[in-house]
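Chemist: The structure follows.
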Ligand code: HEM
């Protein structure tokens, strides 16, 4: 019976993607190395925190090469380190503070219409435009170019292209055409100087002209920063606001205790991380828990399951924003640890504070239930649509001028 339940765990099935949590304890307890398939490719799924951490700390046995990208995310040392060092300082904790005012100003501006209507569709009206604005500022790209990239990125043909490349197959002509359009757009911006000075694209273009980046590396670098910088943080803000619909007391604490938002967000990242799984490829045969994983196999690491592993966190399924210390690996671990972790924390904290300053309670819209994000590669976890109704704080009901 239990085995049958585990067998129902299918990473490319929409129902599993919408709510994978019931499977995680079963996988951890009964099948910590679970053979599965994703888009027709055999893979091995790891769910225990200890195993996942060991994989992430061993890039020699578990390589990142094999995805469709030549960016740092799909490279091993020394290429990985060379690429990462090119922009690492831009995303340091201290450096991202330079964007604090921009983030606050934009969050306030985006939230104003929601206040007037006492309703908010989190993704399209708040989180997504906020994170697109911020990453375009950091990259130094014009917003219309960024929106064009964003629209192409949502295209199924582009997802098909990434998948075909990952599986070593020939992309369909339509998928190839979409990818070419995206690549030409990014390369055009770089080579024709269509960027603002002082941004990351200018810096990368200089490195390209100095021969330190190839065409493809430049394209993949910008694509990575854009996609990693946008969708993950959008989902983090959505997941946090969703949790706040069930915890009005935390909304109040965010408003009155400015530091509380930080621990609250860490618990959101632990219990509903916006990046559910990552992957590596074995460079040699590996035996784990008595299971032989051949060389060249795809190993999928369920970060979301690791975050709720009771061997590491007490009462792991309970949302407790007063936990202290490092409780999760939502940003990964080891050499590929998320470059944008401080940026996403700053964006999400600001977005939540703006809401808490003006709203006393958030409610799911009774007429429009949330639509979970599904599809793609089962790495993102959040909502496609999260329509909310807002109970405004009394002072705000009288005047929203404080915004
Ligand atoms: C809630 C928000 C975010 C989450 C949960 C998240 C999660 C992750 C995870 C799990 C990894 C490791 C991937 C692996 O080891 O294969 C990663 C890597 C990365 N993230 Fe994030 N991320 C977030 C936001 C951001 C933002 C805002 C940026 C900014 C551009 C960013 C840029 C990157 C980059 C460049 C890497 C690759 C690092 C490397 O390969 O050395 N991320 N992220």
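In our numbering, the protein residues as written are 38 to 440.
Every residue gets a Cβ at the ideal spot worked out from N, C-alpha and C, and that includes glycine.
Bear in mind that the values here come from a model prediction, so they are computed numbers and not experimental data.
Please return the same chain residues whose Cβ sits closer than 6 angstroms to the Cβ of residue 105, not counting the five positions on each side in sequence.
Modeler: If you number the chain shown from 1, residue 105 lands on position 68. Around residue 105: 199, 202 and 203.
Chemist: For the 8 angstroms Cβ check, are there 3 or more pairs between the segment 167–185 and the segment 418–429?
Modeler: No: fewer than three Cβ pairs fall under 8 angstroms.
Chemist: Would you list the one or two residues that DSSP bridges to residue 80?
Modeler: Position 43 of the chain shown, counted from the first residue, corresponds to residue 80. BP columns for residue 80 point to 73 and 335.
Chemist: In the DSSP output, what is residue 316 paired with across the bridge?
Modeler: Working through the chain shown from its first residue, we reach residue 316 at position 279. Partner(s): 337.
Chemist: Using only alpha-carbon positions, find the residue among 313, 150 and 168 that is nearest to residue 411.
Modeler: To locate residue 411, count along the chain shown from 1; it is residue 374. Nearest option by C-alpha distance: 313.
Chemist: Which same chain residues, not among the five before or five after residue 375, have their C-beta less than 7 angstroms away from its C-beta?
Modeler: Translated into the one-based positions of the chain shown, residue 375 becomes position 338. The residues are 368 and 369.
Chemist: Rounded to whole angstroms, what is the Cα-Cα separation between residue 466 and residue 177?
Modeler: The requested residue 466 is not part of the displayed model; the chain covers only 38 to 440.
Chemist: What does DSSP give as the partner residues of residue 329 in its beta bridges?
Modeler: Here residue 329 corresponds to residue number 292 of the chain shown, with the count starting at 1. BP columns for residue 329 point to 324.
Chemist: In whole angstroms, what separates the C-alpha of residue 172 from that of residue 72?
Modeler: The residue you call residue 172 lines up with position 135 of the chain shown. The residue you call residue 72 lines up with position 35 of the chain shown. Cα to Cα, residue 172 sits roughly 37 angstroms from residue 72.
Chemist: Say the cut is 8 angstroms; is the CB of residue 80 nearer than that to a heavy atom of the ligand HEM?
Modeler: Counting from 1 along the chain shown, the entry for residue 80 is found at position 43. Answer for residue 80: no, Cβ out of range of the ligand HEM.
Chemist: Rounded to the nearest angstrom, what separates residue 336 and residue 197 at their Cα positions?
Modeler: For the purposes of this step, residue 336 is taken as residue 299 along the chain shown, with counting starting at 1. For the purposes of this step, residue 197 is taken as residue 160 along the chain shown, with counting starting at 1. Approximately 21 angstroms between the Cα atoms of the pair.
Chemist: For residue 348, does the three-state DSSP call read helix, strand or coil?
Modeler: Here the question's residue 348 lines up with position 311 in the chain shown. Residue state, collapsed to three classes: coil.
Chemist: Out of 234, 214, 233 and 238, which one is the CA nearest neighbour of residue 224?
Modeler: Counted from its first residue, the chain shown places residue 224 at position 187. Among 234, 214, 233 and 238, the Cα nearest to that of residue 224 belongs to 238.
Chemist: Can you list, in chain order, the residues of its chain with a C-beta nearer than 8 angstroms to that of residue 110? Leave out the 5 residues immediately preceding and following it.
Modeler: Here residue 110 corresponds to residue number 73 of the chain shown, with the count starting at 1. Around residue 110: 101, 104, 261, 265 and 373.
Chemist: Looking at the structure shown, is residue 293 part of a helix, part of a strand, or coil, going by DSSP?
Modeler: Residue mapping note: residue 293 aligns to position 256 of the chain shown, counting from 1. It is helical.
Chemist: Does the distance from the C-beta atom of residue 441 to that of residue 381 stay below 9 angstroms?
Modeler: Only positions 38 to 440 of the chain appear in this structure, which leaves residue 441 out of reach.
Chemist: Spatial neighbours of residue 397 within its chain, please: CB distance less than 6 angstroms, with the 5 preceding and 5 following residues excluded, ordered by chain position.
Modeler: Indexing the chain shown from 1 puts residue 397 at position 360. Correct list, in chain order: 428 and 430.
Chemist: In its own chain, which residues sit with a C-beta less than 6 angstroms from the C-beta of residue 321, not counting the 5 before and 5 after it?
Modeler: Working through the chain shown from its first residue, we reach residue 321 at position 284. The answer, listed in chain order, is 332.
Chemist: On the CB-based measure, 16 or more other CB atoms within 10 Å of its CB, does residue 125 come out buried or exposed?
Modeler: Here residue 125 refers to the residue found at position 88 of the chain shown. Residue 125 is exposed by the Cβ-count criterion.
Chemist: What does residue 100 pair with, by DSSP beta-bridge criteria?
Modeler: By 1-based counting over the chain shown, the position of residue 100 is 63. According to DSSP, which records beta bridges pairwise, residue 100 is partnered with 318.
Chemist: For the alpha helix (DSSP H) that residue 272 lies in, which residues bound it at each end?
Modeler: Position 235 of the chain shown, counted from the start, is the residue given in the question as residue 272. Note, residue 272: alpha helix (DSSP H), 252–283.
Chemist: If residue 289 sits next to residue 357, beta carbons under 8 angstroms apart, how far is it from one beta carbon to the other, in whole angstroms?
Modeler: Counted from its first residue, the chain shown places residue 289 at position 252. Counted from its first residue, the chain shown places residue 357 at position 320. Rounded, the Cβ-Cβ distance is 17 angstroms, inconsistent with contact.
Chemist: Report whether the distance from the Cβ of residue 230 to the nearest heavy atom of the ligand HEM is below 8 angstroms.
Modeler: The residue you call residue 230 lines up with position 193 of the chain shown. Checking the Cβ of residue 230 against the ligand HEM gives no.
Chemist: Mapping DSSP to helix, strand and coil, what is residue 117?
Modeler: As a position in the chain shown, residue 117 is number 80, starting the count at 1. In this structure, residue 117 counts as helix in the three-state DSSP scheme.
Chemist: Quick check: is any heavy atom of the ligand HEM less than 8 angstroms from the C-beta of residue 343?
Modeler: Walking along the chain shown from the start, residue 343 turns up at place 306. Result no, Cβ not under 8 angstroms from the ligand HEM.
Chemist: With a floor of 3 residues, list each beta strand (DSSP E) that falls wholly inside the segment 370–421, ordered by position along the chain.
Modeler: 396–401, all fully within the segment 370–421.
Chemist: So what does residue 232 bridge to, in DSSP terms?
Modeler: As a working note, residue 232 is residue 195 in the chain shown. In DSSP, residue 232 forms a bridge with 178.
Chemist: Tell me whether residue 150 counts as near the ligand HEM, meaning its Cβ is closer than 8 angstroms to at least one heavy atom of that ligand.
Modeler: If you number the chain shown from 1, residue 150 lands on position 113. Residue 150: no, Cβ never under 8 angstroms from the ligand HEM.
Chemist: Shortest alpha-carbon distance to residue 363 belongs to which of 311, 316, 405 and 301?
Modeler: As a working note, residue 363 is residue 326 in the chain shown. The residue with the shortest Cα to Cα distance from residue 363 is 301.
Chemist: When DSSP builds the beta bridges, which residues end up paired with residue 428?
Modeler: Walking along the chain shown from the start, residue 428 turns up at place 391. Paired residues: 398.
Chemist: Got a sec? Which residues, its chain only, sit under 6 angstroms from residue 43 by beta carbon, not counting five neighbours each side?
Modeler: Taking the first residue of the chain shown as position 1, residue 43 is located at position 6. Excluding sequence neighbours, residue 43 sits near 63 and 68.
Chemist: Closer than 8 angstroms: is that where the CB of residue 186 sits relative to any heavy atom of the ligand HEM?
Modeler: Reading the chain shown from its first residue, position 149 is the one you call residue 186. Checking the Cβ of residue 186 against the ligand HEM gives no.
Chemist: Between residue 408 and the rest of its own chain, which residues show a CB-CB distance below 6 angstroms, the 5 nearest in sequence each way excluded?
Modeler: Taking the first residue of the chain shown as 1, we reach residue 408 at position 371. Cβ neighbours of residue 408 beyond the five flanking positions: 421 and 422.
Chemist: Use the C-beta contact count for residue 267: other C-beta atoms within 10 angstroms, 16 or more gives buried, fewer gives exposed.
Modeler: What you label residue 267 is simply residue 230 of the chain shown in a count that begins at 1. Residue 267 is buried by the Cβ-count criterion.
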